[in-house]
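Residue numbers for the sequence shown follow my numbering, beginning at 2 and rising by one.
Cβ coordinates follow ideal geometry from the N, Cα and C atoms, glycine included.
Being a predicted model, the structure only gives us computed values, none of them experimental.
Data first, discussion second: the structure below is written as structure tokens.
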Amino acid sequence: MNHHNMDIQPSNLTRIEPILQAHLRAFAFPMDSFLEDRLTNSEIYAISSEDQLIGYAGVYEGVLFFFHVLLAHFSLAPEILDKFILENAIDRVYVTTQDPLFAALIAEWDYEKKKDACFFIDGNRSVQPTAITDTMVFRLAQSEDLQTIAAATDPFFDSLEQRIKEQSIFLLEEGKQLLGCGLIEKGVFFPGCVSIGMITCKEHRRRGIGQSILCCLKEWAYEKGYQPIAGCWYYNTLSRKTLEKAGMVAIGIGYEAKLTGKEKAPLITGRASGEKI
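Written as structure tokens, this is what we have:
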């Protein structure tokens with residue numbers, strides 16, 4: 002591919018919509034709200050060849066999070082990626098295993114890996130909440146609950162008041178006592194999905210409250226016609242265990258790759274010991 006036939010220009014999500022949809026269809030499973038937020042707030046670049054739009058890139062705070070070239074042009078993807086990284090001084094890339102095409106391209110680079118996240122889908126809807134009793138109530142948060150939630154969970158929630166207005170915060174209570182909160186975030190690029198999460202009030206931990214909240218959120222999602230998904234920090238082992246106890250399965254990993262170079266493989270025949278050309 003001649004570089005003068007290729008054009009990479011700042012763009013926006015609206016312009017690259019057809020490429021974006023092809024990229025999303027190539028994912029092994031949906032993005033959670035963390036990745037969707039990164040995509041929404043990325044600097045977007047349109048990639049064209051011979052005046053034809055063939056791919057895009059998304060950079061968030063200097064990190065290349067998203068890169069895709071249509072399969073019909075994918076043989077050009079390594080060269081396009083090299084050019085983009087060089088011209089934009091990219092030294093860090095965020096890799097998610099649910100994006101196999103991008104992961105394959107980065108696998109050819111040398112890099113230092115920093116593990117960042119685990120991504121979950123539901124593997125067992127039949128799991129039942131272990132801590133729910135007849136005296137407990139699971140409900141949507143109301144505006145009058147704002148101060149109670151803030152006092153018990155700060156600084157877990159950002160934009161708490163707005164989230165309550167959007168009906169995305171749930172409470173698990175026993176009498177007038179708050180046990181914990183659940184959170185949903187409806188998918189933007191995967192509108193059939195909803196990301197779920199929870200926080201247990203400190204004094205009520207190790208009682209199965211978190212697992213019970215997640216189970217309730219899963220049922221809410223299914224009743225509304227959504228697929229529940231989730232994500233958490235890779236090293237947050239307690240959250241991972243809680244998600245797993247609620248039937249969620251970690252099937253994806255996100256990691257930051259700090260690029261250190263790219264080997265130029267010699268031309269050889271046959272196997273590793275083959276004759277050099």
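The C-alpha of glutamine 148 lies about 13 Å from the C-alpha of leucine 172. Taking all protein chains in view, the Cβ of leucine 184 is crowded by 16 or more other Cβ atoms within 10 Å, so the residue is classified as buried. No Cβ-Cβ contact shorter than 8 Å links lysine 115 with isoleucine 254. Taking 8 Å as the cut-off, the beta carbon of glycine 226 is found no closer than this to the beta carbon of aspartate 111. By the neighbour-count criterion, in which a residue is buried when 16 or more other Cβ atoms sit within 10 angstroms of its Cβ, leucine 179 is buried. Every unbroken stretch of the beta strand (DSSP E) spanning 3 or more residues and falling wholly within the stretch 228–260 is given here in chain order: 228–234. For phenylalanine 28, no alpha helix (DSSP H) segment is defined, and its DSSP state is neither H nor E. Annotated three-state conformation of glycine 211 is helix, per DSSP.
Shown here, phenylalanine 158 sits in coil according to DSSP, grouped into three states, outside any helix or strand. By the Cβ test, the stretch 37–52 is in contact with the stretch 188–200, since at least three Cβ pairs between them sit closer than 8 Å.
Proximity of the stretch 47–59 to the stretch 13–21 meets the contact definition, three or more beta-carbon pairs being nearer than 8 Å. By the Cβ criterion, the stretch 65–78 is not in contact with the stretch 214–226, since fewer than three pairs of Cβ atoms, one from each stretch, lie closer than 8 Å. Around alanine 58, the same chain offers Tyr46, Phe68 and Phe85 as residues with beta carbons nearer than 6 Å, after the five sequence neighbours per side are excluded.
Shown here for aspartate 33: same chain residues with a beta carbon closer than 7 Å to its own, the five before and five after excluded, namely Phe120, Ser196, Ile230, Ala231 and Gly232 in chain order.
The stretch 90–110 and the stretch 204–214 do not touch, with fewer than three beta-carbon pairs separated by less than 8 Å. Secondary structure in the stretch 40–72: no alpha helix (DSSP H) run of 4 residues or longer lies completely within the stretch.
Rounded to the nearest whole angstrom, the C-alpha separation of alanine 90 and valine 96 is 17 Å. In this structure isoleucine 81 is in contact with glycine 56, their Cβ atoms being roughly 7 Å apart against a cut-off of 8 Å. Residue environment analysis places serine 76 among the exposed positions, since fewer than 16 neighbouring C-beta atoms fall within 10 angstroms of its C-beta. Bounds of the alpha helix (DSSP H) holding alanine 104 are 101–107. Look at leucine 36 here: in three-state DSSP terms it is helix. DSSP lists Glu174 as the beta-bridge partner residues of leucine 179. For glutamine 168, the CB contacts under 7 Å within the same chain, skipping 5 residues up- and downstream, are Leu141 in chain order.
In this structure glutamine 163 is exposed. Its beta-carbon is surrounded by fewer than 16 other beta-carbon atoms within 10 angstroms. Cα atoms of isoleucine 107 and cysteine 194: separation of roughly 27 Å, rounded to the nearest angstrom.
In the DSSP annotation of this structure, the continuous segment of the alpha helix (DSSP H) that includes phenylalanine 85 starts and ends at 78–88. For proline 11, the enclosing beta strand (DSSP E) stretches over residues 7–11.
Under the criterion of beta carbons closer than 8 Å, glutamine 99 and alanine 29 qualify as touching, at roughly 4 Å.
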